[in-house]
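Colleague:
Numbering (the numbering used here), first residue to last: 1 to 406.
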C-alpha cells in the first residue's frame, strides 16, 4: 500500500491566516514588523517603477534628438568616388520606397562680426534633404543665391548671424593670391537657422548646396562623400541594402554610430535596477523576521494544531501564504503608488528640465511593459524565497517537545 497524500484543508488554512493577520496586543512588534515589510516592498516597487520609467523616458528623448540629426542609415565610401549616382540609381530601382540624400562634407572656419567658429559644412541637395530631415526642411529659406547656407541656432547666436546676414567661410583648400597662396574663402548668405535641440549639433553644423560645394572645392559632379538613407525600419532594411552594395562601400545604422552612448545608458539602467532591487531584498528580510517571530510566538498553537490533525503540509502552507500575502499586498500598493507617481510626473512640472535639451520642460517618463514585468517577477521571486524558510521552520515544529515544555 502506498502512502496516501491528503490535500490541505483550504478553509482551515484561510481561517488561521486571517487570524494571524490581525493585530496582536500581546505581540505588537510582530504586526509592526509585517507592516514594515509591506511598506518596504511597496516603496521598493514604487521607486523601481519611477526609476526605470525615468531612465526609459530619458533614453527615448535622447534617441529622438539623436535621430533628428543622425540619419537612419548612412553609406560611406572605402575608396574614392565609390558613392556615386550610379550606385544611387541602383538602390532606387531596388528600393523605391526609400529616400536618398547624397552629400559632401568638409571642415570649415566660419567668421562674422569678429566671432570665429569651427564648423562642419555639408553640401546637400536641398529638395532631397528636406524629404528626410524635418529640421532642415523647416529652416531652409527661399533664397535664389547659389552660395547660401543653413546654420544651427547656436552657431547663429555665437556669430551674431541671423537669417539674411552673411558669414565668411574659410576652407582648408588653398587658392593662389599674387605670388603665394592663402586659404580659400567665400561669403555665404544665411538662408535659414535650424534648431535640433542638441547644442553640439546646433553650434557646429551648417548646410549648403551641392552646386556651391562643387564650384568652390572642384568636386566631381555625381561623386559624393556619403549617402544618407531614410527608412522607417532601418533595422529591417540594413541587411537587404548591404547585400546589394559593392565591396568598396560600407553601410552604418544610426544605432551603430552612437553605440557607445546607448551601451552606457543600458549599463546604467541595469546597474540602477540591481541597486534598487536591494531595497526589496532588505524589505524581504522583514518578512522573514516577521514570520519567524510569528512562528516562535505561536509555537504552542502550531503544536496544538498538529495534535488535532493538522499536517506539516498545512502548517507550511499557512506561513508560506502569510508571507506571500504580505508581499503581494506590498507589490499591489507599490504598483498603484508607482503609477500615480508616473502620472504626476508626466502631468505636472514637478521637476523642471531644460527644454532646449529635452524638447520639454517635464521630466520624461516611459515605463515599458517589459521593465514593469521584470520588476514584478523579480520582486515576486524574492518574496517567495523569503516566505519559504519560515514556513519550512514552522512545519518542523515538534508538538510533543513544545507541549511538554508548556
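Heads up, the beta-carbon is just placed ideally off N, CA and C, and yes, glycines get one too.
Here's a check: name, in chain order, each residue in its chain whose Cβ is nearer than 7 Å to the Cβ of residue 33, leaving out the five neighbours to either side.
Modeller: Same-chain partners within the cutoff: 286, 289, 290 and 293.
Colleague: Mind checking which residues open and close the alpha helix (DSSP H) that includes residue 314?
Modeller: Its alpha helix (DSSP H) spans residues 312-347.
Colleague: For my contact list, residue 73 and residue 237 are in at a C-beta cut-off of 8 Å; report their separation, rounded to the angstrom.
Modeller: At roughly 7 Å, the Cβ-Cβ gap stays under 8 Å, so residue 73 and residue 237 are in contact.
Colleague: Considering only residues of the segment 226-289, which uninterrupted beta strand (DSSP E) runs meet the minimum length of 3 residues and lie entirely inside it, listed in chain order?
Modeller: Here the runs fully enclosed are 226-230 and 249-253.
Colleague: Taking only the alpha-carbon atoms, compute the straight-line gap between residue 351 and residue 372 and give it to the nearest angstrom.
Modeller: About 23 Å.
Colleague: In the DSSP output, what is residue 439 paired with across the bridge?
Modeller: Nothing can be reported for residue 439, as the shown portion of the chain is limited to 1 through 406.
Colleague: What is the rounded straight-line gap between the Cα of residue 13 and the Cα of residue 253?
Modeller: C-alpha separation (whole angstroms): 59 Å.
Colleague: Taking the alpha helix (DSSP H) that residue 307 belongs to, which residues open and close that run?
Modeller: It spans 299-307 - the alpha helix (DSSP H) in which residue 307 sits, taken as one unbroken run.
Colleague: Check whether the segment 180-199 touches the segment 132-145, counting contact only when three or more Cβ pairs, one atom from each stretch, lie closer than 8 Å.
Modeller: Touching, per the Cβ criterion.
Colleague: Hey, residue 78 and residue 249 are a contact pair by Cβ (cut 8 Å); roughly how many whole angstroms apart?
Modeller: Their Cβ separation, rounded to whole angstroms, is 6 Å, which keeps residue 78 and residue 249 in contact under 8 Å.
Colleague: Less than 8 Å between the CB atoms is what I'm expecting for residue 167 and residue 220, so what's the real figure, rounded?
Modeller: In fact, because the Cβ distance is near 27 Å, the residues do not count as touching under 8 Å.
Colleague: According to DSSP, is residue 102 part of a helix, a strand, or is it coil?
Modeller: Correct three-state label for residue 102: strand.
Colleague: Tell me which residues share the same chain as residue 2 and place their Cβ nearer than 7 Å to its Cβ, disregarding the 5 neighbours each side in the sequence.
Modeller: Any reading at residue 2 must be qualified, since the residue scores a pLDDT of 48, below 50, and its modelled position is unreliable; the value itself is stated next. Cβ neighbours of residue 2 beyond the five flanking positions: none.
Colleague: Compute the Euclidean distance between the alpha carbons of residue 91 and residue 224, then round it to the nearest angstrom.
Modeller: Cα to Cα, the separation comes out at about 15 Å.
Colleague: Here's a check: name, in chain order, each residue in its chain whose Cβ is nearer than 8 Å to the Cβ of residue 211, leaving out the five neighbours to either side.
Modeller: Closer than 8 Å at Cβ, skipping near neighbours: 146.
Colleague: What I want to know is whether the C-beta of residue 296 ends up closer than 8 Å to one or more non-hydrogen atoms of the ligand COA.
Modeller: Summarising the ligand content, the structure contains no ligands, and the ligand COA is consequently not present.
Colleague: Please state the DSSP three-state secondary structure of residue 112.
Modeller: If DSSP states are grouped into helix, strand and coil, residue 112 belongs with the strands.
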